[in-house]
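Protein sequence lines correspond, in order, to chains H and A.
Here the working numbering is used: the first residue of the first sequence is 381, the next is one more, and so on.
Here the working numbering is used: the first residue of the second sequence is 381, the next is one more, and so on.
Please read the structure below before turning to the comments.
2 protein chains.
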Amino acid sequence: MYKEVLTVKQKKIARYAKAMGHPIRMYILELLSKQSCCYSGDLTEELPIAKSTLSQHLKELKDAGLIQGEIEAPKIKYCVNKENWEEAQNLFREFLKL
Amino acid sequence: MYKEVLTVKQKKIARYAKAMGHPIRMYILELLSKQSCCYSGDLTEELPIAKSTLSQHLKELKDAGLIQGEIEAPKIKYCVNKENWEEAQNLFREFLKL
DNA sequence: ACCTTTGTTCGGTAATTAACGAACAACTAT
DNA sequence: ATAGTTGTTCGTTAATTACCGAACAAAGGT
Numbered sequence: 381m382y383k384e385v386l387t388v389k390q391k392k393i394a395r396y397a398k399a400m401g402h403p404i405r406m407y408i409l410e411l412l413s414k415q416s417c418c419y420s421g422d423l424t425e426e427l428p429i430a431k432s433t434l435s436q437h438l439k440e441l442k443d444a445g446l447i448q449g450e451i452e453a454p455k456i457k458y459c460v461n462k463e464n465w466e467e468a469q470n471l472f473r474e475f476l477k478l
Numbered sequence: 381m382y383k384e385v386l387t388v389k390q391k392k393i394a395r396y397a398k399a400m401g402h403p404i405r406m407y408i409l410e411l412l413s414k415q416s417c418c419y420s421g422d423l424t425e426e427l428p429i430a431k432s433t434l435s436q437h438l439k440e441l442k443d444a445g446l447i448q449g450e451i452e453a454p455k456i457k458y459c460v461n462k463e464n465w466e467e468a469q470n471l472f473r474e475f476l477k478l
């Protein structure tokens with residue numbers, strides 16, 4: 381049992397950063413942060429990846445808490461998870477010491 | 381030959397984010413951004429990981445361009461890479477739309 | 001010269017990540 | 001009831017990541 385040196389904040393920001401650590405996911409996040417929502421079908425068309433791959437990236441972002449999906453049958457509408465997005469913003473801001 | 385949808389900025393920020401995607405590396409970055417420099421020996425003592433593992437994490441950060449090492453024999457002094465650090469700051473700021 | 005300190009590299013293992021196409025599930029619309 | 005749309009899951013493959021201890025390399029001090 382040793383002293384834990386890593387802070388909760390460091391772990392949280394690392395978790396968010398990890399989710400942001402892929403160009404495709406950055407593309408999605410940037411899109412969502414600009415226009416708040418989109419359908420994953422739109423992404424499939426724009427992005428040069430298989431739909432199964434896209435599905436995985438969306439899951440990544442969802443698991444990290446940065447986005448959320450809402451069923452609008454037969455589609456799914458994705459939006460930023462406002463609460464966590466703001467937390468991430470604050471963590472990054474603080475880290476970048478503004 | 382299809383249209384490239386990913387921007388240079390998205391790729392760059394993803395690269396930086398990926399390097400930040402581990403708690404240990406966040407710890408190191410936060411330390412360096414606060415006090416500008418440190419010796420890796422200090423880190424070895426504080427952090428609960430093998431020195432070989434630490435060496436790898438430092439290499440990650442170096443390869444991403446976020447830090448740089450200067451030999452001060454027999455130690456190595458690590459500092460943030462100011463130029464790239466500022467680029468990263470700007471990219472994140474812009475992305476977080478401040 | 002020799003020992004110590006410091007950090008990298010090597011070899012190995014285990015887990016995770018990224019990607020694809022095919023198959024499947026859920027729901028809509030006809 | 002059937003066909004189409006949409007997205008997830010599965011199985012597979014390849015590459016990368018994380019971690020360790022041991023071995024190695026470089027430099028400093030004695």
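Heads up, the beta-carbon is just placed ideally off N, CA and C, and yes, glycines get one too.
Cβ of residue 391/A within 7 angstroms of Cβ of residue 403/H?
-> As a working mapping, residue 391/A is identified with position 11 in the second sequence. As a working mapping, residue 403/H is identified with position 23 in the first sequence. The answer is yes: Cβ separation under 7 angstroms.
Close Cβ partners of residue 450/H (< 6 angstroms) along its chain, the five nearest in sequence each way excluded | Taking the first residue of the first sequence as 1, we reach residue 450/H at position 70. Only 457 meet the Cβ criterion.
Extent of the continuous alpha helix (DSSP H) run through residue 401/A = Your numbering for residue 401/A matches position 21 in the second sequence. Unbroken run through residue 401/A: none, as it is neither H nor E.
Pull up the distance between the alpha-carbon of residue 417/H and that of residue 459/H, whole angstroms please.
-> Along the first sequence, read from residue 1 onward, the residue named residue 417/H stands at position 37. Along the first sequence, read from residue 1 onward, the residue named residue 459/H stands at position 79. So the two alpha carbons sit approximately 4 angstroms from each other.
Ends of the alpha helix (DSSP H) at residue 449/A?
-> The residue you call residue 449/A lines up with position 69 of the second sequence. From DSSP, residue 449/A is part of no alpha helix (DSSP H) but of the beta strand (DSSP E) over 447 to 452.
Residues of chain H with CB under 7 angstroms from residue 391/A, in chain order?
-> For the purposes of this step, residue 391/A is identified with residue 11 of the second sequence, where counting begins at 1. Those within 7 angstroms of residue 391/A in chain H are 403.
On the three-pair Cβ rule with 8 angstroms, is the segment 459 to 476 of chain A touching the segment 462 to 477 of chain H?
-> yes
Rounded Cβ spacing between residue 434/H and residue 423/H (contact assumed at less than 8 angstroms) | For the purposes of this step, residue 434/H is taken as residue 54 along the first sequence, with counting starting at 1. For the purposes of this step, residue 423/H is taken as residue 43 along the first sequence, with counting starting at 1. Their Cβ separation, rounded to whole angstroms, is 6 angstroms, which keeps residue 434/H and residue 423/H in contact under 8 angstroms.
Got a sec, what are the start and stop residues for the beta strand (DSSP E) residue 477/H sits in?
-> The count along the first sequence starts at 1 and reaches residue 477/H at position 97. Counting along the chain, residue 477/H falls outside any beta strand (DSSP E), and DSSP gives it neither H nor E.
With 7 angstroms as the C-beta to C-beta threshold (strictly closer), list the residues of the segment 435 to 468 of chain A near chain H in chain order.
-> none
Exposed or buried, what is residue 376/A when buried is set at 16 or more other beta-carbons lying within 10 Å of its beta-carbon?
-> Given a span of 381 to 478 for chain A in the structure shown, any question on residue 376/A remains unanswerable.
Between residue 452/H and residue 441/H, what straight-line distance do the alpha-carbon atoms span, to the nearest angstrom?
-> Translated into the one-based positions of the first sequence, residue 452/H becomes position 72. Translated into the one-based positions of the first sequence, residue 441/H becomes position 61. Whole-angstrom Cα-Cα distance: 19 angstroms.
Residue burial classification, residue 421/A (beta-carbon count within 10 angstroms, cutoff 16) = Working through the second sequence from its first residue, we reach residue 421/A at position 41. By the neighbour-count rule (16 or more Cβ atoms within 10 Å), residue 421/A is not buried but exposed.
Could you check which residue in 429/A, 419/A, 446/A has the C-alpha nearest to that of residue 455/A?
-> As a first step, residue 455/A must be located in the second sequence, where it is residue number 75. With distances taken between Cα atoms, residue 455/A lies closest to 419/A.
In whole angstroms, what separates the C-alpha of residue 431/A from that of residue 477/H?
-> Indexing the second sequence from 1 puts residue 431/A at position 51. Indexing the first sequence from 1 puts residue 477/H at position 97. Whole-angstrom Cα-Cα distance: 29 angstroms.
Beta-carbon separation of residue 386/H and residue 407/A under 7 angstroms?
-> If you number the first sequence from 1, residue 386/H lands on position 6. If you number the second sequence from 1, residue 407/A lands on position 27. It is a contact, given that the beta carbons lie within the stated cut-off.
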